[in-house]
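See below for the structure under consideration.
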Amino acid sequence: MRRFNPGNFYCGTTAEWTSCPRPVRHPDHMSGSGSDYWYGESGVVRYSDHWGSEVASCDWYLDGVARCSFDDHYGTEETE
């Protein structure tokens, strides 16, 4: 089983995200598509206006701001 971290959680994963408040600090990463990411030891918070099947190579569902533990990311069949 793959282990996920800030360097690979976005590579071909599916995950269940939970709504949360937007962090007050500057994002750790801002993507070219306009998503903001804040990293913690155990997971990531994402703000975006685009979610759903095939967000990049991922299947992530939830609008707005959400958090997900790295342990709650699962590789898709193509990436396992």
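Following our numbering, the numbering of the sequence shown begins with 1 at its first residue and continues without gaps.
C-beta: ideal position from N, C-alpha, C; glycine also.
Bear in mind the structure is a predicted one, so any value in this text is a computation, not a measurement.
What does the alpha-carbon distance come out to for the pair residue 43 and residue 6? Spanning the alpha carbons of residue 43 and residue 6 requires a straight line of approximately 8 Å.
Buried versus exposed call for residue 76 [16 or more other C-beta atoms within 10 Å across all chains shown]: An exposed status is given to residue 76, since fewer than 16 other beta-carbon atoms sit within 10 Å of its beta-carbon.
Where does residue 36 sit, in a helix, a strand or coil, going by DSSP? DSSP, read as helix, strand or coil, puts residue 36 in strand.
Whole angstroms is fine: what's the gap from residue 15's alpha carbon to residue 46's? A straight-line Cα-Cα distance of about 12 Å links residue 15 and residue 46.
What is the residue span of the beta strand (DSSP E) that residue 81 lies within? Residue 81 lies beyond the residue range present for the chain, which begins at 1 and ends at 80; the question has no answer from this structure.
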